[in-house]
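Quick note: the sequence shown uses UniProt numbering, first residue 1, plus one each step. Quick reminder that beta carbons are idealized off the backbone N, C-alpha and C, glycines included. Just so you know, these numbers come straight off a predicted model, no measurement behind them.
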Amino acid sequence: VLLQKGRREMSQPAAQPQAAQPQGGSIGDRCAQCWASIPYVSKKLIHLALVGFILSFFLAGTLANVPEYTIHHLELWRIFTSFLVSKGIFTGIFAILWIAQSCRQLEGEHGSMYLLHAFGTVSILGNVFFTVIAGSLSFVGGGVGEWFQKQIMAGLWPVLFGLLAVRCSLSQDPTTQLCCLPIQVPTKWYPVILGCIFQLFGFQIALFCGIGAGYLYAYPNSHMACSSEKLREYENGRFACISSDPSFISVDNAQALPVWNPLTMQGDNQGNDGAGAGSGGSGGGMMGGIRSMFRDDGDSENASRQAFSGRGYTLGTGQATGGSSSFFTSSAVETKDPSESKSSTRGRGKNMDSRRNVLAERVEARLRQQQAKKPQEVSKKEVEVEMSEMSTVDLSSGDAKAGPPAQTTAPTLEPPPNMGLPEEHAESFAAQYDVDLQSLVARGYPRQAALSALVANGGDFQMALAQLQGS
């Protein structure tokens with residue numbers, strides 16, 4: 001029987017170990033969380049990119065902005081419909097990824113209505129620039145006129161570059177990282193530099209028209225950007241139907257950050273150098289920002305913070321890395337046992353005098369060291385720092401039960417009689433014994449008494465100190 005049982009066990013296949021489930025949910029769950037973290041207008045722009053990709057198969061020749069048809073045939077609707085078509089599948093995919101990061105950051109910083117107004121204004125203004133420039137140069141004879149006559153403005157990329165110019169104009173960072181390269185470029189000119197790089201894939205004047213429209217929109221004297229009061233009026237008025245959406249970010253709930261590094265997407269994760277460092281988070285470049293969207297740190301609370309549970313919630317993963325994490329960790333309030341706090345207050349008064357003596361000795365040692373190097377050029381900055389630190393020693397006691405504060409200043413002393421110190425030479429003696437005089441004043445003795453003791457003892461610091469202590 002045992003032999004037959006062993007044969008049956010050997011004939012059955014061994015159970016395969018089950019693969020461990022990844023922490024933080026499946027890829028589908030992460031995609032759902034990422035989609036939930038995208039605010040309202042950015043979602044609609046992604047929908048618009050998908051619709052434009054479908055319309056490009058049927059209505060590309062009708063909706064794209066072609067100067068020949070827009071000007072000569074007066075098909076002016078092309079100015080308002082050029083962004084509804086896409087030039088290709090890859091440009092559409094990268095446009096969606098760009099919207100999911102850059103436009104989401106802009107919307108989180110200034111509100112959904114701001115992004116909607118900026119998108120519409122930059123789109124129309126960029127098409128007007130393109131129509132005027134390309135249409136005017138198309139009348140030039142030769143190959144130049146023919147080349148401009150064949151230029152087409154279509155897709156979301158000219159508008160996205162314009163929004164990038166808006167963000168860079170609002171940024172307070174002097175430099176920013178160029179894509180994923182370890183190169184720092186001026187933040188204000190980042191869209192122009194990036195647009196020049198894109199020209200390597202084919203010269204497109206439409207990108208520079210969008211960039212120019214973005215700069216003009218963000219220029220303060222142009223008065224194209226809406227004020228906060230006007231945006232609130234739109235939210236409560238004609239756009240009240242969309243402002244009630246949970247993912248809609250109102251003007252009052254926008255973060256209004258002074259931002260940022262454009263392509264490293266540091267709005268959710270700021271590195272050690274803050275915005276514009278370009279080295280924090282999941283790495284530089286657009287792909288670093290995309291990786292941060294699907295990052296899993298094993299914390300379910302961080303994932304839940306991405307979703308909108310109500311109107312006006314702040315965007316972001318809530319994960320602080322780099323310098324910001326160490327700052328808030330070090331400044332966190334720790335709970336202590338009440339007995340420990342009582343014992344600390346009892347010993348605080350005893351340690352007060354010892355701390356003050358240590359600080360006084362530190363001042364004395366530093367002054368003597370400086371006097372040994374350059375007696376005529378003693379820097380008083382460090383002395384003032386030490387004296388200010390000594391003045392704040394007694395402010396550390398916060399419990400009334402610790403007893404009355406210890407006396408921090410020495411009793412007022414009168415100058416020794418018959419010391420032979422003429423009044424007209426008092427300042428000269430003070431300058432001569434400046435280092436020792438400052439040290440005695442730092443110990444809490446009055447300046448006049450300290451100067452009198454130094455002069456009476458011929459400038460001997462120890463004897464003057466002993467005389468003051470004896471008095």
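- The way I'd put it, the region 228 to 248 does touch the region 107 to 121; three or more beta-carbon pairs between them come closer than 8 angstroms.
- Between the region 90 to 107 and the region 26 to 43 there are three or more inter-stretch CB-CB distances shorter than 8 angstroms, so the stretches are counted as touching.
- In the displayed model, Val-185 falls within a strand according to three-state DSSP.
- Judged by DSSP secondary structure, Gln-177 falls within the beta strand (DSSP E) whose first and last residues are 175 to 177.
- A check of alpha carbon separations from Leu-45 across Phe-119, Asp-460, Ser-244 identifies Phe-119 as the nearest.
- In the structure shown, the three-state DSSP call for Met-113 is helix.
- If only complete runs of 4 or more residues are kept, the region 51 to 137 shows the alpha helix (DSSP H) at 60 to 63, 78 to 81, 89 to 98, 104 to 110, 112 to 137, in order along the chain.
- In this structure the region 162 to 178 does not lie against the region 79 to 89, because fewer than three pairs of beta carbons, one per stretch, are closer than 8 angstroms.
- Boundaries cannot be given for Ser-171, as no alpha helix (DSSP H) includes it and DSSP labels it neither H nor E.
- Sequence-distant partners of Ser-138 (beyond 5 residues in either direction) whose C-beta falls short of 6 angstroms from its own C-beta, in its chain, are Pro-67, Gly-145, Phe-148, Gln-149.
- Under the three-pair Cβ rule at 8 angstroms, the region 246 to 254 does not count as touching the region 118 to 137.
- Inter-residue distance for Ile-99 and Phe-83 is about 14 angstroms (C-alpha atoms, whole angstroms).
- Within the same chain, Phe-161, Gly-162, Ala-165, Pro-191, Val-192, Gly-195 come within 7 angstroms of Ile-211 by CB-CB distance, once the 5 residues on both sides are set aside.
- Judged by DSSP secondary structure, Ser-228 falls within the alpha helix (DSSP H) whose first and last residues are 228 to 236.
- With respect to the C-alpha of Ser-42, the residue from Ile-96, Val-51, Thr-70 having the closest C-alpha is Ile-96.
- For Met-153, the beta-bridge partners assigned by DSSP are Asn-65.
- In the three-state reduction of the DSSP assignment, Gly-195 falls in the helix class, which pools H, G and I.
- For Cys-31 and Ser-136, the gap between their C-alpha atoms comes out near 47 angstroms.
- With respect to the C-alpha of Leu-231, the residue from Ala-64, Pro-220, Ser-250 having the closest C-alpha is Ser-250.
- Listed in chain order, the alpha helix (DSSP H) elements of length 4 or more contained wholly in the UniProt domain "UBA" (432 to 471) are 434 to 442, 447 to 456, 461 to 470.
- Rounded to whole angstroms, Val-185 and Cys-168 show a C-alpha spacing of 12 angstroms.
- With respect to Cys-209, Phe-130 sits close: the two C-beta atoms are nearer than 8 angstroms.
- Residue burial annotation: Arg-447 is exposed, with fewer than 16 other C-beta atoms found within 10 angstroms of its C-beta.
- In the structure shown, Asp-29 adopts helical secondary structure according to DSSP, grouped into three states.
- Measuring C-alpha to C-alpha distances from Thr-70 to each of Ser-439, Asn-127, Phe-58 identifies Asn-127 as the nearest.
- In the assembly as shown, Val-140 is an exposed residue. Its beta-carbon has fewer than 16 other beta-carbons within 10 Å.
- In the DSSP annotation of this structure, the continuous segment of the alpha helix (DSSP H) that includes Leu-207 starts and ends at 205 to 218.
- The distance from the Cβ of Val-85 to that of Ala-60 is about 5 angstroms, consistent with a contact at the 8 angstroms cut-off.
- When only Cα atoms are considered, Ala-134 and Val-51 end up about 27 angstroms apart.
- According to the DSSP assignment, Ser-244 belongs to no alpha helix (DSSP H), since it is labelled neither H nor E.
- Spatial neighbours of Pro-158 in its own chain (CB-CB distance under 7 angstroms, excluding positions within 5 residues in sequence) are listed in chain order as Gly-126, Ala-206, Leu-207, Cys-209, Gly-210.
- Distances from the CA of His-117 to each of Ser-428, Ala-431, Phe-461, Ala-218 were compared; the closest alpha carbon is that of Ala-218.
- When secondary structure is reduced to three states using DSSP, Val-140 falls in the coil class, being assigned neither helix nor strand.
- Residue Gln-172 holds the alpha-carbon nearest to the alpha-carbon of Lys-188 among Gln-172, Pro-182, Leu-200, Gly-202.
- Phe-461 is positioned such that its CB atom lies no closer than 8 angstroms to that of Asp-434.
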